[in-house]
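Everything below concerns the one structure shown next.
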Amino acid sequence: MRQEAPPFDARRLAGRGRIARAAAGLVLLATLLASPDAGALLAPRPDLEIQGFFEAKTALRTPEFKDAELVMQRNTAQIESRWEFLRSSNLFGLSTGPLEEANLSVIGRGAYDSVYDVRESFRERFSDEERDRLRAEYTLREIYGEFLVPPFTLRLGRQQVVWGETDQFRALDVINPLDFRWHWYYEPWEDIRVTVWMARGIYDIGKLGFLEEVFLEGIWIPGIYEKNKISQDPRRPWGFFGQGLPEEANTAILGGQIFDLETSLRDNQPERRLENSEIAFRLKAVWKRIDFSLNYFWTISDDPGAKVRQDLATIGAPLRPDALGTLRLPIDLFYPRSHVVGVSANYAEEQFTQAVFRLESTYTTGIPVSLGEGVPGALDPDGNLYEKSERTVLMLAFDRPTWLKPLNSIRTFFLTGQFFWRHYLDFNRFFTGIPSVYQARVDGRDIEDRFVSRNTDRITEDEFVATFAATTSYGAAGLWQPTIAAAYDLVATAGFTRLELEHIFSDHLIFRLRQDLFWGKTGEGPWFLGERFGRPGDSRQETYFSVVFQF
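Using my numbering, the letters of the sequence shown map in sequence onto residues 473 to 1023.
The following block contains the structure:
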């Protein structure tokens, strides 16, 4: 489950109407005309490269394999270009002095998910305007210029940055937020990172004393804040609504009496101002066989914290006849400043284990958490059920090519495993996570059409998860590539398993078949595995088939 080199490469395609049909036709044409000997890169001129892909991907939700529900029919197109407009200090015949090289990279992406047109229930569930917004997207994914004045390289524009050694779980890889709206984090992160406008510079030092391959990296995000994107709409296939019902809280129970509930969210998202800039630094080097980095990121939390303004709550006239009144409750969303300090390293041990060992560790401040009901005033002096916490993360991992000859007599398996430990330094037992909606109850009886919000998602002081993945290849040229990957939460005793088979038909054409399984104890946990996505009534088990044409 490596995020930098994932075992699959899913993306998205632009269009609706005529554009969508044309894209589907291109995928079909690619399937019919692909040549096993063709290349996958276009170079219309020596200084210009163009590559990209089309993908048609279908997903069926298969809870407990008792039924199948079409939840995705996503068609994706992505075009990537790189124009080296300045080479050898020469720009259109003019000398550029110390500026030796410059290039412009552009990545455009679009998607059309026909499930919003094909499924009758989706046509009934969403308005025409909502379906127009959900089924298609068009994105200038990345656009940046890169300039080389040795030993300094500067990259300016919209881009993504990958830091650290972890696969699929976040520690140092926090420069870019993530987009969880269309498939949570079960896609390659290079596809779901929210690209950000920034200036990124690298100073290549080279050899420095006993260190080799030394470079210093600096990043400046000039007050253009982006946050994690999450859909809480329960009508969407990957909308997240906690552990409760896919409903909206409309009721408060006060002193055993029913009150209508009106909440007003006041989003204090940072404005686009220089004072909201984010800054990062990284020193990377090699010492003997240890490749390591020291990292720092002064940032703003990608997720907001909610301050429940009980001091501003009011009670007015009821909206429904069975209510005593209406509780109007403001909730302020805040995005605290945060410091991330971390280290990463990998070490190739060749004599005894023939493995690569990886390490990553971070210390983060300003993590917003909620406080549960009944919290004493000493722990919540403002009475807003909000706190900022400090947290550490430690990741230990290994990668190893291994012979398993009973399973494959001619090629090795690539085995990789990770262990994560997340620890809250200033923990208290009232820390809670994500609230959920439940049926309202008074005197032991359910109240029809009334729902209350409760936060029973207790955060534990220490959280653990382990992952493992194995992949190999079969056939004369290794064109059949099976992968198995799993993650297990040691506290919630729940997990996730992925089974995938990829067939590389040619340099142009790839077929993929995949099954995602969520399993184990249901309930609440921090890693979003079987405890949340395997529960009865909201199982997210899915079967996928995709066809990719790349050029």
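Glycine residues also receive a C-beta, built at the ideal position from the N, C-alpha and C atoms.
Contact check, L989 vs F968 under 8 Å by CB: the rounded distance? 7 Å
Applying the 10 Å Cβ sphere with the 16-neighbour rule, what's the burial state of W463? Look at the range of the chain in this structure, 473 to 1023, and you will see that residue 463 is not part of it.
Length of the line joining the Cα atoms of R603 and A778: 30 Å
For the putative contact between F936 and L962, defined by C-beta atoms under 8 Å, what is the C-beta separation to the nearest angstrom? 4 Å
So, using beta-carbon positions, are D852 and L805 closer together than 8 Å? no
What did DSSP end up calling R970 once you bin it into helix, strand or coil? strand
CA-CA distance, R708 and L1001? 19 Å
Beta-carbon of R672 versus every beta-carbon of chain B: anything under 8 Å? The structure shown contains no chain B; it is built from a single protein chain.
Here's the rule I'm using: 16 or more other beta-carbon atoms within 10 Å means buried, otherwise exposed. How should H811 be labelled? exposed
Burial state of R970 (16 or more Cβ within 10 Å): buried
Residue from E637, I691, K701 whose Cα sits closest to the Cα of A752: I691
On a Cα-Cα basis, can you pick out the residue from F885, R930, R913, G905 that is closest to R950? In the sequence under discussion, the amino acid at residue 950 is Gly, which differs from the Arg named in the question. For the residues F885, R930, R913, G905, the minimum Cα distance to G950 belongs to F885.
For R745, which residues of its own chain have a beta-carbon under 6 Å away from its beta-carbon, when the five flanking residues on both sides are left out? G695
Between N900 and the rest of its own chain, which residues show a CB-CB distance below 7 Å, the 5 nearest in sequence each way excluded? L851
Please report the distance separating the alpha-carbon of T798 from that of G727. 14 Å
According to DSSP, is D804 part of a helix, a strand, or is it coil? strand
Would A494 be called buried (16 or more neighbouring beta carbons within 10 Å of its own) or exposed? In this predicted model, A494 has a pLDDT of only 35, less than 50, meaning its place in the structure is not dependable; the value taken from the coordinates is given anyway. Per the 10 Å Cβ criterion, exposed.
Those residues which DSSP pairs with W991 across a bridge: G967
Distance between L688 and V621 (C-alpha atoms, nearest Å): 15 Å
D519: CB within 7 Å of a non-hydrogen atom of the ligand MG: The ligand MG is absent from the structure shown, which contains no ligand whatsoever.
With distances taken between CB atoms, is the gap from T939 to Q953 smaller than 8 Å? no
With DSSP as the reference, identify every bridge partner of Y946, one or two as the case may be. W952
Could you tell me if G565 is buried or exposed, where buried requires 16 or more neighbouring beta carbons within 10 angstroms of its beta carbon? exposed
List the residues that DSSP assigns as beta-bridge partners of D871. V828, T888
Own chain, CB closer than 6 Å to P508, minus 5 neighbours either side, in chain order: Low per-residue confidence applies at P508: pLDDT is 37, beneath 50, and the placement is therefore not dependable enough to give any value.
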